[in-house]
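*Asks:* Its first residue numbered 3, the sequence shown is counted upward by one per residue in full-length UniProt numbering.
Note that CB positions come from ideal geometry on N, CA and C, so glycine has one too.
Keep in mind that this is a model prediction, so the values were computed, not measured.
For reference, the structure I am asking about is given below.
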Amino acid sequence: KPIVVSGIRPTGNLHLGNYFGAVRSFLKMQEEYNCYFFIADIHSLTTHPTPENLQAGVKQVLAEYLACGIDPEKATIFIQSDVPEITELYTFLNMNAYLGELERTTSFKEKARKNPENVNAGLLTYPVLMASDIIIHKAEFVPVGKDQEQNLEMARKFAGRFNRMYNSEVFPIPRPFTFDGGDMVKIPGLDGSGKMGKSEGNAIALVEDPKSIRKKVMRAVTDAGPTEPNSPKPEPIQNLFTLMNIMTDPAIVKQFDEAYKDCSIRYGDLKKQLAEDIVTFTTPIRERINEILADEAYLAKVAKMGAEKARESAQATLKEVKALIGFKKLF
Ligand code: TYM
């Protein structure tokens, strides 16, 4: 079975962007592929969480994975820091990762611009650690959202570079996987522009209560409405339609689309519809998250089982890698 790897940082509750950009594909892939889905706790250290926040975040994402339907009997679910082989491979990969290419990464530049007092080396080498996550299990497919496209491109580069340097084919070159075989997904936020993100303050969490969901959707940015028939949709309006396209019955979306075209649309009605569809979608997930979070013994069992399976795979790859590099045991 082809191997799949993907991870999510434990930096906040999973939101609709994470679900439709990534988790939705995980659910599909666990049925047919050999999947490794993990919690990227080491990656989250770039923003210096307190130990309490780190632990709470890891548990939350683990419970959320399970509540969404990722099945520990089908996929390997693990916590990154439980697999030290990942950081060992990261060290080796760092020797062939160059300052120039790392500095040019969009997400690095973006983070450095937003937070100039915390431009740490972990942030710079973030794509190297991510490459290690992926290739340590020899992944062929990586289901991620559009925002991870460049990181995945770097992983491909580092995998190919290692293969060439040691004249081997130890690493397959990983490819993005999208839910419907089309373009990589970018779920927009509710603030008119850009993507939905934990740090953007524009996200709807899976665990969010219905009242808060309704409030956020009703407050989403719109404009005064179309004044001429068949006019193109400005970005904030297009974003609402994008969300509707994934949350709402297509026949209803069509009605709103036609109302937009003939200028009879009422954004209040559209938002009400969208809010109710989001509430209907998230309610069973929210209830399961809270149930699973209360079951510490189950969470511990899942994490242990996943760590064992993930380490086994990582150790096998690392052994090959060390032999290729030329580490020889003298004793
Ligand atoms: P993270 O934790 O920011 O996001 C987790 C996943 O959710 C997707 N995503 C989105 N997709 C569409 N629209 C959005 N608005 C949106 N917001 C988030 C992300 O694309 C991602 O798939 N660097 C990664 C974590 C990581 C990883 C890996 C992923 C570490 N190692 C190895 C895959 C393989 C990250 O920060 O994702």
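According to DSSP, simplified to helix, strand and coil, what is residue 207?
*Replies:* Position 205 of the sequence shown holds residue 207. Residue 207 sits in a strand when the DSSP states are folded into three classes.
*Asks:* Considering only C-alpha positions, which residue in the set 149, 219, 198, 170 is nearest to residue 185?
*Replies:* Taking the first residue of the sequence shown as 1, we reach residue 185 at position 183. Nearest Cα to residue 185 within the set 149, 219, 198, 170: 149.
*Asks:* Residue 282 and residue 140: beta carbons closer than 8 Å?
*Replies:* Position 280 of the sequence shown, counted from the first residue, corresponds to residue 282. Position 138 of the sequence shown, counted from the first residue, corresponds to residue 140. Going by C-beta atoms, residue 282 is not nearer than 8 Å to residue 140.
*Asks:* Please identify the residue among 79, 54, 214 whose C-alpha is closest to the C-alpha of residue 364.
*Replies:* As shown, the chain starts at 3 and ends at 333. That puts residue 364 outside it, with no answer to give.
*Asks:* Run the proximity test for residue 10: is its beta-carbon closer than 7 Å to any non-hydrogen atom belonging to the ligand TYM?
*Replies:* Along the sequence shown, one-based indexing puts residue 10 at 8. Within the cutoff, so yes.
*Asks:* Pair every Cβ in the stretch 244–255 with every Cβ in the stretch 183–199, then say whether three or more of these pairs are closer than 8 Å.
*Replies:* yes
*Asks:* Kindly examine the ligand TYM and report whether one of its heavy atoms sits closer than 7 Å to the Cβ of residue 149.
*Replies:* Taking the sequence shown and counting its residues from 1, one reaches residue 149 at position 147. Result yes, Cβ under 7 Å from the ligand TYM.
*Asks:* Enumerated in chain order, which unbroken segments of the beta strand (DSSP E) with a length of 3 residues or greater are wholly contained in the stretch 131–207?
*Replies:* 143–145, 177–179
*Asks:* Is it true that the CB of residue 43 sits closer than 8 Å to the CB of residue 83?
*Replies:* Along the sequence shown, read from residue 1 onward, the residue named residue 83 stands at position 81. Along the sequence shown, read from residue 1 onward, the residue named residue 43 stands at position 41. Cβ distance < 8 Å, so residue 83 and residue 43 count as in contact.
*Asks:* Is the beta carbon of residue 144 within less than 7 Å of some heavy atom of the ligand TYM?
*Replies:* Taking the sequence shown and counting its residues from 1, one reaches residue 144 at position 142. Correct: residue 144 has its Cβ closer than 7 Å to the ligand TYM.
*Asks:* Pull up the distance between the alpha-carbon of residue 306 and that of residue 230, whole angstroms please.
*Replies:* One-based indexing of the sequence shown puts residue 306 at position 304. One-based indexing of the sequence shown puts residue 230 at position 228. One C-alpha to the other measures close to 60 Å.
*Asks:* Rounded to whole angstroms, what is the Cα-Cα separation between residue 207 and residue 326?
*Replies:* On the sequence shown, residue 207 is found 205 positions in, with the first residue counted as 1. On the sequence shown, residue 326 is found 324 positions in, with the first residue counted as 1. Counting only the Cα atoms, residue 326 lies some 44 Å from residue 207.
*Asks:* Three or more C-beta pairs under 8 Å: does that hold for the stretch 173–180 against the stretch 197–214?
*Replies:* Result no; under three Cβ-Cβ pairs closer than 8 Å.
*Asks:* Determine the DSSP secondary structure at residue 100, reduced to helix, strand or coil.
*Replies:* Residue numbering aside, residue 100 sits at position 98 when the sequence shown is read from its first letter. In the structure shown, residue 100 falls within a coil segment according to DSSP collapsed to helix, strand and coil.
*Asks:* On the DSSP letters alone, give me the boundaries of the alpha helix (DSSP H) that residue 258 sits inside.
*Replies:* Counted from its first residue, the sequence shown places residue 258 at position 256. Residues 252–263.
*Asks:* Which ranges would you report for the alpha helix (DSSP H) in the stretch 46–84 if only whole runs of at least 4 residues count?
*Replies:* Along the length of the stretch 46–84, whole alpha helix (DSSP H) runs at least 4 residues long occupy 53–70, reported in chain order.
*Asks:* Can you tell me which residues form a DSSP beta bridge with residue 23?
*Replies:* Working through the sequence shown from its first residue, we reach residue 23 at position 21. Answer is none; residue 23 lacks a bridge partner.
*Asks:* Report the partner residues of residue 36 according to the DSSP bridge assignment.
*Replies:* Walking along the sequence shown from the start, residue 36 turns up at place 34. Answer is 5.
*Asks:* Identify every residue that forms a DSSP beta bridge with residue 41.
*Replies:* On the sequence shown, position 39 is the one that residue 41 refers to. 10, 81.
*Asks:* I'd like to know whether the C-beta atoms of residue 130 and residue 161 end up nearer to each other than 8 Å.
*Replies:* Mapped onto the sequence shown, residue 130 falls at position 128. Mapped onto the sequence shown, residue 161 falls at position 159. Contact: no.
*Asks:* Taking 7 Å as the cut-off, is the C-beta of residue 136 nearer than that to any heavy atom in the ligand TYM?
*Replies:* In the sequence shown, counting from the first residue as 1, residue 136 sits at position 134. Yes.
*Asks:* Do you know how far the Cα of residue 59 is from the Cα of residue 16?
*Replies:* To locate residue 16, count along the sequence shown from 1; it is residue 14. To locate residue 59, count along the sequence shown from 1; it is residue 57. Straight through space, the alpha carbons of residue 59 and residue 16 are spaced by roughly 10 Å.
*Asks:* With 16 as the cutoff for other CB atoms within 10 Å, does residue 332 come out buried or exposed?
*Replies:* Taking the first residue of the sequence shown as position 1, residue 332 is located at position 330. Label assigned to residue 332: exposed.
*Asks:* Rounded to whole angstroms, what is the Cα-Cα separation between residue 77 and residue 89?
*Replies:* Taking the sequence shown and counting its residues from 1, one reaches residue 77 at position 75. Taking the sequence shown and counting its residues from 1, one reaches residue 89 at position 87. So the alpha carbons of these two residues sit roughly 22 Å apart.
*Asks:* In whole angstroms, what separates the C-alpha of residue 25 from that of residue 86?
*Replies:* Sequence index remark: in the sequence shown, residue 25 carries index 23 (1-based). Sequence index remark: in the sequence shown, residue 86 carries index 84 (1-based). Going by the C-alpha atoms only, they are around 25 Å apart.
*Asks:* What I want to know is whether the C-beta of residue 281 ends up closer than 7 Å to one or more non-hydrogen atoms of the ligand TYM.
*Replies:* Counting from 1 along the sequence shown, the entry for residue 281 is found at position 279. No, the beta carbon of residue 281 sits no closer than 7 Å to any heavy atom of the ligand TYM.
*Asks:* Just checking, does the stretch 231–240 make contact with the stretch 274–288 on the three C-beta pairs under 8 Å criterion?
*Replies:* The answer is no - the stretch 274–288 does not touch the stretch 231–240, with fewer than three Cβ pairs under 8 Å.
*Asks:* Please return the same chain residues whose Cβ sits closer than 7 Å to the Cβ of residue 263, not counting the five positions on each side in sequence.
*Replies:* The sequence position of residue 263 within the sequence shown is 261, counting from 1. Excluding residues within five positions, the ones whose Cβ falls inside 7 Å are 231, 232.
*Asks:* Do residue 360 and residue 126 have their C-beta atoms closer together than 8 Å?
*Replies:* Nothing in the structure corresponds to residue 360, since the chain is present only between 3 and 333.
*Asks:* In angstroms with no decimal places, state the Cα-to-Cα distance between residue 330 and residue 94.
*Replies:* Numbered from its first residue, the sequence shown carries residue 330 at position 328. Numbered from its first residue, the sequence shown carries residue 94 at position 92. Computed Cα separation, rounded: 15 Å.
*Asks:* In the DSSP assignment, find the unbroken alpha helix (DSSP H) run with residue 315 in it and report its ends.
*Replies:* Counted from its first residue, the sequence shown places residue 315 at position 313. Per DSSP, residue 315 belongs to the alpha helix (DSSP H) from 298–327.
*Asks:* Below 6 Å CB to CB, which residues in the same chain sit around residue 114 once its five sequence neighbours on both sides are set aside?
*Replies:* Along the sequence shown, read from residue 1 onward, the residue named residue 114 stands at position 112. 121.
*Asks:* Near residue 334, what residues of its chain come up, given a Cβ to Cβ distance below 8 Å and the 5 sequence neighbours on each side ignored?
*Replies:* There is simply no residue 334 to check, as the chain begins at 3 and stops at 333 in what is shown.
*Asks:* Find the nearest neighbour of residue 324 within the set 146, 46, 165, judged by alpha-carbon distance.
*Replies:* Your numbering for residue 324 matches position 322 in the sequence shown. Of 146, 46, 165, the residue nearest in Cα terms is 165.
*Asks:* The alpha helix (DSSP H) that contains residue 108, what's its start and end?
*Replies:* Position 106 of the sequence shown, counted from the start, is the residue given in the question as residue 108. 108–116 is the span of the alpha helix (DSSP H), which, as asked, contains residue 108.
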